[in-house]
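Everything on this sheet refers to the single structure shown next.
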Amino acid sequence: MEIVEPKVFLIGETRIIEENLKSYLEHLGVPDWNTDASSDSEKIIEIMGRLCYRSFEPGLNPNVTKVRQGNKSYLQHIIEVGHGSVLEHAYLNFIFADVSRVLTHELVRHRAGVAISQESLRFVRLETLPMYIPLHIREHEKGMEIFAKTIEELEKLQKELAEIFELDKHPFETKKKITSGIRRIAPMGVATTIGWSCNLRTLRHVIEQRTDPSAEEEIRVLFAQVFNIVKDRYPNVFADYEVEIVDNIPWVKTKNKKV
Ligand SMILES: Cc1cc2nc3c(=O)[nH]c(=O)nc-3n(C[C@H](O)[C@H](O)[C@H](O)COP(=O)(O)OP(=O)(O)OC[C@H]3O[C@@H](n4cnc5c(N)ncnc54)[C@H](O)[C@@H]3O)c2cc1C
Numbered sequence: 427m428e429i430v431e432p433k434v435f436l437i438g439e440t441r442i443i444e445e446n447l448k449s450y451l452e453h454l455g456v457p458d459w460n461t462d463a464s465s466d467s468e469k470i471i472e473i474m475g476r477l478c479y480r481s482f483e484p485g486l487n488p489n490v491t492k493v494r495q496g497n498k499s500y501l502q503h504i505i506e507v508g509h510g511s512v513l514e515h516a517y518l519n520f521i522f523a524d525v526s527r528v529l530t531h532e533l534v535r536h537r538a539g540v541a542i543s544q545e546s547l548r549f550v551r552l553e554t555l556p557m558y559i560p561l562h563i564r565e566h567e568k569g570m571e572i573f574a575k576t577i578e579e580l581e582k583l584q585k586e587l588a589e590i591f592e593l594d595k596h597p598f599e600t601k602k603k604i605t606s607g608i609r610r611i612a613p614m615g616v617a618t619t620i621g622w623s624c625n626l627r628t629l630r631h632v633i634e635q636r637t638d639p640s641a642e643e644e645i646r647v648l649f650a651q652v653f654n655i656v657k658d659r660y661p662n663v664f665a666d667y668e669v670e671i672v673d674n675i676p677w678v679k680t681k682n683k684k685v
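According to our numbering, the residues represented by the sequence shown are 427 to 685, in order.
Below is the structure:
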């Protein structure tokens, strides 16, 4: 039996096309405007926010006599007043590997602001059944023994059925049908892969919900890892978060919930 841990790969993020941004700023009459954001994602949020009131510099809109300076203070204000919609302009692309179907089924309940591509177990033949084992099971000798025995038996059955149905001899269409049939006796704990893209507004909400101690252990472990990556990469979007360790897993929380 192969025991696995969830793995996070941030493979993409929003990028600014600098020459076109420059053209827009010239068009607006503030060609020298710039900011101190450390990523394009945080910069784009600030730009989309400032364009609402033309608050790039005082007087550009005669109704605006002073403006907040700097990306950190601008984003902090957006988050405190709950104007979360501007966070939707920045989009991230993750791959979560070695996550169970228990986890992915919970993850896909988050509908707003996401895109999802899940590894197909109709197409991809299961030969082994790698699995995350929750702590309470892992620490229980008898419980762990039953887990290991069951998984090994199920792995054996996957291989046996592939042989009985002579899976390798069939054309791809038939292989797909048989593979799809055989997967039905795989456990929901089997580790698989999901591509998950989201905007930064969604990500804040999902981190809050899924690192909460009442959430399931594996998804808490996953989103604690996600938080570790994004807090360093987008420090101003996540500056208001605090971390408390519960059961050895970070609980990431904020007073500005679901902006
Ligand atoms: C600890 C925990 C336990 C859970 N237990 C269960 C359970 O036992 N059974 C179960 O079925 N589910 C359960 N869930 C899933 C939960 O009910 C939600 O489906 C899931 O957390 C998605 O969150 P969300 O509703 O905020 O939706 P998201 O898609 O993340 O949407 C974000 C926000 O956008 C708004 N929004 C999104 N879609 C709509 C819409 N169609 N109409 C209006 N507003 C919308 C809402 O304000 C929503 O909060 C659990 C979740 C957690 C965290």
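For each residue, glycine too, the CB sits at the ideal point set by N, CA and C.
Remember, it's a predicted structure, so these values are computed and weren't measured experimentally.
Three-state secondary structure assigned by DSSP to residue i
i, result
"Gly651", "For the record, residue 651 in the displayed sequence is Gln; it is not Gly. Residue state, collapsed to three classes: helix."
"Lys679", "strand"
"Leu454", "helix"
"Leu518", "strand"
"Ala641", "coil"
"Met427", "coil"
"Thr686", "Because the chain spans 427 through 685 in this model, residue 686 falls outside it and cannot be assessed."
"Asn460", "coil"
"Glu565", "coil"
"Leu436", "strand"
"Val669", "strand"
"Ala617", "strand"
"Val512", "helix"
"Ala523", "strand"
"Ala612", "coil"
"Ala574", "helix"
Distance between beta carbons of residue j and residue i, contact taken as under 8 Å
i, j, result
"Val490", "Ser499", "With 8 Å as the limit, Val490 and Ser499 do not qualify as a contact, their Cβ atoms being about 15 Å apart."
"Ala617", "Ser526", "6 Å"
"Glu506", "Ser467", "Wrong, their Cβ atoms sit about 19 Å apart, outside the cutoff."
"Pro639", "Asp666", "Between Asp666 and Pro639 the Cβ distance is about 20 Å, and since that is not below 8 Å, they are no contact."
"Thr680", "Glu670", "12 Å between Cβ atoms; not a contact."
"Trp459", "Glu483", "7 Å"
"Ile608", "Gln584", "6 Å"
"Ile577", "Leu555", "5 Å"
"Ile604", "Phe591", "5 Å"
"Glu634", "Lys602", "Not confirmed; about 39 Å, so no contact."
Residue i classed as buried or exposed, judged by whether at least 16 other C-beta atoms fall within 10 angstroms
i, result
"Lys469", "buried"
"Thr628", "buried"
"Thr530", "buried"
"Gln495", "exposed"
"Thr600", "exposed"
"His631", "buried"
"Met557", "buried"
"Pro432", "buried"
"Phe598", "exposed"
"Gly475", "buried"
"Ala463", "buried"
Same chain, Cβ closer than 8 Å to residue i, five either side skipped, listed in chain order
i, result
"Phe520", "Val434, Phe435, Leu436, Ile437, Gly621, Trp622, Ser623, Cys624 and Val652"
"Pro457", "Lys448 and Leu451"
Residues near residue i in its chain [Cβ-Cβ closer than 7 Å; skip 5 each side]
i, result
"Glu514", "Gly539, Asn625 and Arg627"
"Glu567", "none"
"Arg659", "Ser465"
Own chain, CB closer than 6 Å to residue i, minus 5 neighbours either side, in chain order
i, result
"Gly569", "Ile563"
"His536", "Val632"
"Ala516", "Thr440, Ser467, Ile470, Ile471 and Leu626"
"Ile443", "none"
"Ala523", "Lys433 and Thr619"
Any heavy atom of ligand 1 within less than 5 Å of residue CB: hits in chain order: The set of residues whose C-beta lies within less than 5 Å of a heavy atom of ligand 1 reads, in chain order, Arg535, His536, Arg537, Ala538, Gln635, Ser640 and Ala641.
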